[in-house]
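J.: Residue numbers (my numbering): -14 to 150.
#1: Is the separation between the beta-carbon of residue -7 and that of residue 37 shorter than 8 Å?
#2: Given a cut-off of 8 Å on the beta-carbon distance, is the pair residue 70 and residue 43 in contact?
#3: For a test of the three-state rule: what should DSSP assign to residue -1, helix, strand or coil?
#4: Whole angstroms is fine: what's the gap from residue 102's alpha carbon to residue 137's?
#5: CB-CB under 6 Å to residue 56, same chain, minus the five flanking residues each way: which ones, in chain order?
#6: The beta strand (DSSP E) that contains residue 32, what's its start and end?
#7: Quick one: what's got a C-beta closer than 8 Å to residue -10's C-beta in the same chain, skipping five residues either side?
#8: Between 99, 131, 49, which lies nearest to residue 118 when the distance is taken from Cα to Cα?
#9: What is the rounded straight-line gap between the Cα of residue 10 and the Cα of residue 141?
#10: Is DSSP giving residue 131 helix, strand or coil here?
#11: How many Å lie between residue 50 and residue 34 at the Cα?
#12: Could you give the first and the last residue of the continuous beta strand (DSSP E) run that contains residue 47?
#13: Please report the residue range of the alpha helix (DSSP H) in which residue 147 lies.
#14: Along the chain, which unbroken stretches of the alpha helix (DSSP H) at least 4 residues long are found entirely within the stretch 86 to 129?
#15: Please classify residue 145: is it buried, with 16 or more other beta-carbons within 10 angstroms of its beta-carbon, or exposed?
#16: I'd like the list of long-range same chain contacts for residue 28, defined as Cβ closer than 6 Å, with 5 residues on each side in sequence excluded.
Structure below.
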């Protein structure tokens, strides 16, 4: 989605409302595509004291698998972005991630949001905080109950186990 910012940079308007549903079903994160449903984007681009800003709120459902038990997960998430829009980065000693370079007074929101989403996604996803994972011997999901595998005890630590009995 291209956002035309000529009126904002030219001073003709002070605010541009943004309300879109963007499709990122082809966004690759690792070996899977976590956004099967559209991303809801709301916010505004506005000018204040000769500076242009972009404030966006994104809400989406992250589709993935639990990193411990391999169960499918659908987790609602939200992300807020606050950026400063500039037409050039000259004379900006502190040019960092807050600044977004806008060329030809048009901003491609899809490219910007694609990058922000990839940085926001969790590196480790769990179905629940206390997920027990899979048995390393038989592969049973330990969240469904204990498995029948015999627990091997390191003979060097056997004395400590007797203290617990």
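All residues carry an ideal CB built from backbone N, CA and C; glycine is no exception. Bear in mind that the values here come from a model prediction, so they are computed numbers and not experimental data.
T.: This is what the structure holds:
#1: By 1-based counting over the chain shown, the position of residue -7 is 8. By 1-based counting over the chain shown, the position of residue 37 is 52. Going by C-beta atoms, residue -7 is nearer than 8 Å to residue 37.
#2: What you label residue 70 is simply residue 85 of the chain shown in a count that begins at 1. What you label residue 43 is simply residue 58 of the chain shown in a count that begins at 1. Contact: no.
#3: Translated into the one-based positions of the chain shown, residue -1 becomes position 14. DSSP places residue -1 in coil when its eight states are reduced to three.
#4: Counting from 1 along the chain shown, the entry for residue 102 is found at position 117. Counting from 1 along the chain shown, the entry for residue 137 is found at position 152. Roughly 43 Å separates the two Cα atoms.
#5: For the purposes of this step, residue 56 is identified with residue 71 of the chain shown, where counting begins at 1. Hits under 6 Å: 112.
#6: For this step, residue 32 is matched to residue 47 along the chain shown. First-last of the beta strand (DSSP E) with residue 32: 24 to 33.
#7: Translated into positions along the chain shown, residue -10 becomes position 5. So the qualifying residues of the chain are 1, 30, 37, 70, 87, 90, 91, 92.
#8: Locating residue 118 in the chain shown gives position 133, counting from the first residue. Comparing Cα-Cα distances from residue 118 to each of 99, 131, 49, the minimum goes to 131.
#9: Mapped onto the chain shown, residue 10 falls at position 25. Mapped onto the chain shown, residue 141 falls at position 156. For residue 10 and residue 141, the distance between alpha carbons rounds to 52 Å.
#10: Taking the first residue of the chain shown as position 1, residue 131 is located at position 146. Coil, per DSSP.
#11: Locating residue 50 in the chain shown gives position 65, counting from the first residue. Locating residue 34 in the chain shown gives position 49, counting from the first residue. One C-alpha to the other measures close to 46 Å.
#12: Sequence index remark: in the chain shown, residue 47 carries index 62 (1-based). Counting along the chain, the beta strand (DSSP E) containing residue 47 begins and ends at 36 to 50.
#13: Position 162 of the chain shown holds residue 147. Element bounds for residue 147: 143 to 149.
#14: 94 to 105
#15: Within the chain shown, numbered from 1, the residue matching residue 145 stands at position 160. Result: exposed.
#16: Along the chain shown, one-based indexing puts residue 28 at 43. Counting only Cβ-Cβ distances below 6 Å, and skipping sequence neighbours, we find 3, 40, 41, 42.
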